[in-house]
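Counting from 21, one number per residue, gives the positions in the sequence shown under my numbering.
A short write-up of the structure that comes next.
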Amino acid sequence: MKRLALLGLLLLVMAGCIDYTEELWLNKDGSGRAAVNVRVKTNYPNPQELNSYQDIDGIELIRKEISRDEKNKYTYYKIEFRFKSLEAFNKINTQITNADFSGRINLIRMNDGSLSLQRTISLGSLPSEGDEIEQLIRQQPQTDSRWTYILHLPDYKIIKANADPANIDALNGTVRWEYQTAFLWNKSQTMTVQLKPRTKLLPLLILAVALLLLVILIWLLRHLPGNRSKRHPVEPETVKTE
Numbered sequence: 021m022k023r024l025a026l027l028g029l030l031l032l033v034m035a036g037c038i039d040y041t042e043e044l045w046l047n048k049d050g051s052g053r054a055a056v057n058v059r060v061k062t063n064y065p066n067p068q069e070l071n072s073y074q075d076i077d078g079i080e081l082i083r084k085e086i087s088r089d090e091k092n093k094y095t096y097y098k099i100e101f102r103f104k105s106l107e108a109f110n111k112i113n114t115q116i117t118n119a120d121f122s123g124r125i126n127l128i129r130m131n132d133g134s135l136s137l138q139r140t141i142s143l144g145s146l147p148s149e150g151d152e153i154e155q156l157i158r159q160q161p162q163t164d165s166r167w168t169y170i171l172h173l174p175d176y177k178i179i180k181a182n183a184d185p186a187n188i189d190a191l192n193g194t195v196r197w198e199y200q201t202a203f204l205w206n207k208s209q210t211m212t213v214q215l216k217p218r219t220k221l222l223p224l225l226i227l228a229v230a231l232l233l234l235v236i237l238i239w240l241l242r243h244l245p246g247n248r249s250k251r252h253p254v255e256p257e258t259v260k261t262e
């Protein structure tokens, strides 16, 4: 039932010109959040299928929205959801189709201590599979369709990625990939990012400031004139009496 429900949405989506944008935030523990925006040129919106994300273990649907541009015959789908782990996120595509547009995310620890994030996507597989979605994609013009993936890594520092250098924001931990359907069709594309955990500078800075203040306070207590006289009291002179 889950596959059929999601299949219904994707059959609708693939039946016309499509722009797909996905923005994903990934935390250090593997949990995260994703926002998907899809623009489809179609006369037949299908709002019921958006509920399918609620049926996947580890996925929490935050928001769903459908709007129409009747003049240009576009339907806009907006879906936002949380996932508890990478395992939960990776379940999304296994219940849908061979058109692996969501792919799987894997984190691999490298010998130098850094991490390699790899995500492989495609819009086609073996031509003999007989997949309904693939058959629909084959019938559509592929030059106007665009697939955009934006990845936010707030807990990591980006070392390098296989995206256009202009689309890599190492300072803020963001990478953007853009593909056309023709480029993805019947072959896989792997998005890769080499990264390492960010050093938590703020707690270290607070600790350093606290230690500095403590050192200054101890120095003042030792060297202020009033405190020095207290530590070395003057003994009263003895008066000799005849």
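We treat Cβ as the ideally placed atom computed from N, Cα and C, and that holds for glycine.
Beta-carbon within less than 6 Å of residue i's beta-carbon, same chain only, minus the 5 sequence neighbours each way: which residues are those?
i: Tyr169; result: Glu42, Trp197
i: Tyr199; result: Trp167
i: Glu100; result: Ala55, Ile82, Arg83
i: Leu44; result: Ala54, Leu171
i: Arg139; result: Gly123, Ile125, Met211
i: Ile128; result: Ser136
i: Tyr94; result: Arg59, Lys61
i: Ile238; result: none
i: Leu106; result: Gly50, Ile125
i: Asn57; result: Thr41, Lys98
i: Tyr96; result: Arg59, Ser87
i: Glu85; result: Lys98
i: Ser165; result: Ile38, Thr201
i: Met130; result: Ser136
Buried or exposed: residue i, going by 16 or more other Cβ atoms within 10 Å of its Cβ?
i: Arg88; result: exposed
i: Leu173; result: buried
i: Ala228; result: exposed
i: Glu149; result: The predicted position of Glu149 is uncertain, since its pLDDT is 49 and thus under 50; no value can be drawn from it.
i: Lys111; result: buried
i: Ser208; result: exposed
i: Ile141; result: buried
i: Thr219; result: exposed
i: Phe103; result: buried
i: Phe203; result: exposed
i: Leu244; result: exposed
i: Leu231; result: exposed
i: Leu233; result: exposed
i: Leu263; result: This structure gives no information on residue 263, because the portion of the chain shown stretches from 21 to 262.
i: Ile38; result: buried
i: Gly133; result: exposed
Let me check one thing: in DSSP terms, what residues is residue i bridge-paired to?
i: Ser87; result: Tyr96
i: Leu127; result: Leu137
i: Gly52; result: Leu46, Phe103
i: Leu81; result: Phe101
i: Lys111; result: Bridge partners of Lys111: none, in fact.
i: Thr41; result: Asn57, Thr168
i: Ser142; result: Ser208
With a threshold of 8 Å on Cβ separation, who are the neighbours of residue i within its own chain once the five nearest residues in sequence on each side are excluded?
i: Ala108; result: Ile76, Asp77, Gly78, Ile79
i: Arg47; result: In the sequence under discussion, the amino acid at residue 47 is Asn, which differs from the Arg named in the question. Pro174, Asp175.
Got a sec? Which residues, its chain only, sit under 7 Å from residue i by beta carbon, not counting five neighbours each side?
i: Val195; result: Leu171, Ile178, Ala181, Ala183, Asn187, Ile188, Val213
i: Pro217; result: Lys48, Asp175, Tyr176
Please indicate yes or no: does the CB of residue i lie closer than 7 Å to some heavy atom of the ligand ADP?
i: Pro245; result: The ligand content of the structure shown is nil, which means the ligand ADP is not present either.
| request: Decide yes or no for the touch test of the stretch 168-188 against the stretch 206-222: beta carbon pairs closer than 8 Å, at least 3 of them. | output: yes
| Minimum length 3: unbroken beta strand (DSSP E) runs contained in the stretch 161-244 | 166-172, 176-181, 194-200, 208-217
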